[in-house]
Every structure is written in C-alpha cells, then in structure tokens.
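The sequence shown begins at 38 in the numbering used here and counts up by one. Quick reminder that beta carbons are idealized off the backbone N, C-alpha and C, glycines included. Remember, it's a predicted structure, so these values are computed and weren't measured experimentally.
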Amino acid sequence: MSRIGIGVLASGRGTNFEALVRAVRRGDTNGEIRLLVANVPDAPVLKRAEAEHVPGVTISHRDFSKRADFEQALIAELKKHDVGLVCLAGFMRVLSPVFVKAFENRIMNIHPSLLPAFAGLQGMQVHEAVLAAGVKVAGCTVHFVTGDVDAGPIIIQHAIPVHEGDNAETLSLRVLVEEHLAYAEAVKLFCENRLTVEGRRVRVLGNDERRTMNEGTTRG
Ligand code: GAR
Numbered sequence: 038m039s040r041i042g043i044g045v046l047a048s049g050r051g052t053n054f055e056a057l058v059r060a061v062r063r064g065d066t067n068g069e070i071r072l073l074v075a076n077v078p079d080a081p082v083l084k085r086a087e088a089e090h091v092p093g094v095t096i097s098h099r100d101f102s103k104r105a106d107f108e109q110a111l112i113a114e115l116k117k118h119d120v121g122l123v124c125l126a127g128f129m130r131v132l133s134p135v136f137v138k139a140f141e142n143r144i145m146n147i148h149p150s151l152l153p154a155f156a157g158l159q160g161m162q163v164h165e166a167v168l169a170a171g172v173k174v175a176g177c178t179v180h181f182v183t184g185d186v187d188a189g190p191i192i193i194q195h196a197i198p199v200h201e202g203d204n205a206e207t208l209s210l211r212v213l214v215e216e217h218l219a220y221a222e223a224v225k226l227f228c229e230n231r232l233t234v235e236g237r238r239v240r241v242l243g244n245d246e247r248r249t250m251n252e253g254t255t256r257g
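#1: Are the stretch 156–168 and the stretch 135–145 in contact at 8 Å, needing three or more beta carbon pairs?
#2: Between the stretch 75–92 and the stretch 46–63, do at least 3 Cβ pairs fall closer than 8 Å?
#3: Is the stretch 231–238 touching the stretch 188–205 in the sense that three or more CB pairs, one from each, lie closer than 8 Å?
#4: Cβ-heavy atom distance between residue 216 and the ligand GAR below 7 Å?
#5: Might you give, ordered along the chain, the residues of its own chain that have their beta carbon closer than 7 Å to the beta carbon of residue 135, omitting 5 neighbours on each side?
#6: Please say whether residue 171 and residue 196 have beta carbons closer to each other than 8 Å?
#7: When we look at the beta-carbon of residue 99 and count the other beta-carbons within 10 Å, is it buried (16 or more) or exposed?
#8: Looking only at its own chain, which residues have a Cβ that is under 8 Å from the Cβ of residue 186, when we skip the five neighbours before and after it?
#9: Just to confirm before moving on: does the CB-CB distance between residue 159 and residue 129 stay below 8 Å?
#10: Note down the Cα distance separating residue 126 from residue 245, rounded to an integer number of angstroms.
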C-alpha cells in the first residue's frame, strides 16, 4: 500500500506539526509528511520544518485580496506535493467550503477542547474560557473539517482533569501533551484506511474491516 502524502497547515508555534512529523517517522504510520505551509511569514513552525527537513513554504493570506485566491494557492501547493491528507495544526484561518470540497473528508483539525464545547475560539482563549466556565474536565478533539467551524465529525478526543490551581498556561501545557498523542493516533488511523464518516459520526474500523484504498471515506 503506497504511503499517504500529508500536508500540514500551521500559523504559529508548531509543536503539533513537530509531534506529527516525529510520530509518522517512527514508522508505524503509513504516511509521509510532504509539506508544511505557514500562512504567517516567520512563524516559528517554519524553523521546526527546517530542522526536521520537511519542505516548508509560506503562503501569506495578506498577499491575496480575496480568500478564494489564497485558498487556490494553498490547494495548488498541496496538490503539487500529491497530498492526500491535510492536517491543520494551529492554523488560524477559517477555510471556505471550496477548500473543504477540494479535500473532502481529507482535512483534519486539532482543537484544544472537548468539542462541541468551546468551539470557535483559538489557542489560549479556549483555556481561559474553560477555566471561566468552571468545568472539571478539559481535553482536545481531532475532527474532520467541514464548512462549519469546529463542527466536523469527531475522530478522537482525549480528556484530562482540570486541577484546582490551574491557570490557562498550566492547563494548556497538559492539554498539549494529549494533543500530540491524539493527533498522531488519528493520522495513523486515517493512513490505515480505518476511518469512515457516517453522517456526523466517524466510525473507527477494526483492522479486519478496513476499507480498500479507493473506496473513499464517506458512507452517507
Ligand atoms: C494548539 O493548542 C491547537 O490545538 C490550537 O492552537 C495551538 C497550536 O499550537 N488550535 C486552535 O485553537 C484552533 N482553533 P502549536 O502551534 O504548538 O501546534
């Protein structure tokens, strides 16, 4: 079975990108990280890509007057590298239905909360909202991306307890550990063809019932 080409889109720090690269390189994931695209020039994630010898390019949304043109540039770059799975890893732009359609059920996102709670927020805002709400359990979600922000079918969630003395920083660091694990797990399952989208639900197939390569990911 040929390896699935993976393209990562990121905007900032890049720890999820780095964790994905390392997890995929460990060898038990049938994928290959082919490309990192940053939409922010000088984002630290670009340095991580360089250090990991992954081709990194900047496509800044600011260089385009229309979102559609920015997205066409992203699509062209991803297709050029024969990408079959797009991973959003701290990518702070909302993608339109046109982009989503170009990689239907082939775009994943990591969000630092247990969705659907605390959807629509980004980064530290999420952890601040979690603490302000007084919830006792926090975590992260890996989901397929649809046209609705943070609302696509959920692949994996990892939960952790919120501690009495937590602030946004301490909580974010503990959630981040789980993000790195959950994202690697979701990508591995995708690359094994074990994820099937059935309406709003993702079914994780057992090893023996995995789809054949060309069957597609959607069942209805
Ligand atoms: C991560 O916590 C990720 O879940 C979050 O941004 C951070 C990026 O960190 N994403 C969102 O909030 C998306 N709404 P990283 O650049 O170190 O991977």
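Result, derived from the coordinates:
#1: no
#2: yes
#3: yes
#4: yes
#5: 105 and 108
#6: no
#7: exposed
#8: 131, 156 and 157
#9: yes
#10: 30 Å
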